[in-house]
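Peer 1: Per this note's numbering, the very first residue in the sequence shown carries number 675; after that it's consecutive.
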Amino acid sequence: MASGAEVSLQIWLSGKTAYKFSQHDAWERAAQVLTDRGYQVGRTGSPLVVSICFTPKTAIVGVNRAADSLSSWPGGEVRLSKTPEQVSRAEFKLEELFKVYPIDEGIEPKGTALDYGAAPGGWTRILATRGYATTAVDPGDLDPRVLALPGVRHERTTAGNFLRDSTDRFDLIVNDMKMSPDRSSRLMVDSARLLKPFGVAVTTLKTGTHHVLEQVDEAFAILGAEYDIEFARQLRHNRNELTVVLRRFG
Ligand SMILES: C[S@@+](CC[C@H](N)C(=O)[O-])C[C@H]1O[C@@H](n2cnc3c(N)ncnc32)[C@H](O)[C@@H]1O
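(1) If we ignore side chains and look at the alpha-carbon of each, how far apart do W701 and V919 end up?
(2) If we ignore side chains and look at the alpha-carbon of each, how far apart do D742 and V723 end up?
(3) Tell me the DSSP secondary structure of V752 in three-state form.
(4) Looking at C-alpha atoms only, which residue of F844, T878, G678 and D815 is the closest neighbour of L869?
(5) Taking just the CA atoms, how far does G785 sit from E680?
(6) Between V863 and the rest of its own chain, which residues show a CB-CB distance below 7 Å, the 5 nearest in sequence each way excluded?
(7) Let me check understanding here. Comparing Cα to Cα, which of G795, V737, Y775 and S725 lies closest to R907?
(8) Does V737 pass the burial test, meaning 16 or more other C-beta atoms within 10 Å, or should it be called exposed?
(9) Using the beta-carbon count (16 or more within 10 Å), is V761 buried or exposed?
(10) Please state if the CB of L816 and the CB of A822 are separated by a distance shorter than 7 Å.
(11) Kindly indicate which three-state DSSP category L816 falls into: helix, strand or coil?
(12) From E779 to R799, what distance separates their C-alpha atoms?
(13) Please state if the CB of Y806 and the CB of A787 are separated by a distance shorter than 7 Å.
(14) Do D812 and ligand 1 come close, with the Cβ less than 6 Å from some heavy atom?
(15) Going by the CB atoms, is the gap between D856 and E892 shorter than 7 Å?
(16) Which class does N849 belong to by DSSP, given the choice of helix, strand or coil?
(17) So, using beta-carbon positions, are L683 and V735 closer together than 7 Å?
(18) Restricting to Cα atoms, I'd like to know which of S859, H885 and Q889 is closest to D902.
(19) Buried or exposed: where does V752 fall if 16 or more other Cβ atoms within 10 Å of its Cβ makes it buried?
(20) Excluding five sequence neighbours on each side, which residues of the same chain lie with their C-beta closer than 6 Å to the C-beta of R827?
(21) Which term fits S688, buried or exposed, when burial requires 16 or more other beta carbons within 10 angstroms of its beta carbon?
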């Protein structure tokens, strides 16, 4: 952060904290420290954001460009509305990921994809539309419009059963199942054998709102057995979850 830069300072207390200062006191003090070092400090509207979150045990400090933030204003971003061809709101997450991290740009033909936890079929629809021959794994029903798309195959079973029985190889595996981050990560590690060397996997890590950092650390440690972690971010359309892009070791 270059001295003289304009920064927006965001401070909040998370959980049951017992600090002897208020959020306002903390903001004033941190703003003074930044001002003394030559920064121009405001609350919003600057290209750089300094965030300080006080938890019961510690303070977490982050610096980011406002352009990379979930929202340009404290409190959140208005979500997009669904279009008629969409079959689930979950689609926004995968669409957004392809925009911010174009994992398959320039790769033609796209090849094969495996979608764990596919129903009702939003992610499968996006993958099929991009040109992947997509295997959708879910005990639940797929929307008939998705089933009718070229290259879509529905395996009406659980991810565990599919993994046990399958000898297929995929260019891309995606996973949007509602599962704890450690279980999801173990499944992705076990599924690496279904991925071609240097193939890509995308998983959401559903952390909820408690012990988020600990859960993410644990999940990354598990995933590191088979993958490089290329990208991890809470996207605008993620709620209490993180989207992670993994590349299988060669
Ligand atoms: C959030 S929804 C997925 C939405 C989907 N990505 C879309 O865009 O439409 C989670 C899905 O995971 C499925 N699921 C949960 N546990 C599963 C498992 N062990 N194996 C396969 N699917 C599972 C559920 O049936 C549910 O349909």
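Where a beta carbon is used, it is the ideal one built from N, C-alpha and C, also for glycine.
Peer 2: Put simply:
(1) 35 Å
(2) 10 Å
(3) Residue placement at V752 cannot be trusted, given a pLDDT of 46 that sits under 50; what the coordinates show is reported in the next sentence. The answer is coil: DSSP assigns V752 none of H, G, I, E or B.
(4) For the set F844, T878, G678 and D815, the Cα lying nearest the Cα of L869 is the one of F844.
(5) 46 Å
(6) I896, L897, A899 and E900
(7) Out of G795, V737, Y775 and S725, Y775 has the C-alpha closest to the C-alpha of R907.
(8) exposed
(9) By the neighbour-count criterion, in which 16 or more other beta carbons inside 10 Å mark a residue as buried, V761 falls on the buried side.
(10) Not closer than 7 Å, so no.
(11) coil
(12) 18 Å
(13) Their beta carbons are under 7 Å apart, which means A787 touches Y806 by this criterion.
(14) yes
(15) yes
(16) strand
(17) no
(18) S859
(19) Legend: pLDDT at V752 = 46, less than 50; position of this residue unreliable, value from coordinates given subsequently. Counting Cβ neighbours within 10 Å, V752 comes out exposed, since fewer than 16 surround it.
(20) T809
(21) Exposed is the label assigned to S688, since fewer than 16 other Cβ atoms lie within 10 Å of its Cβ.
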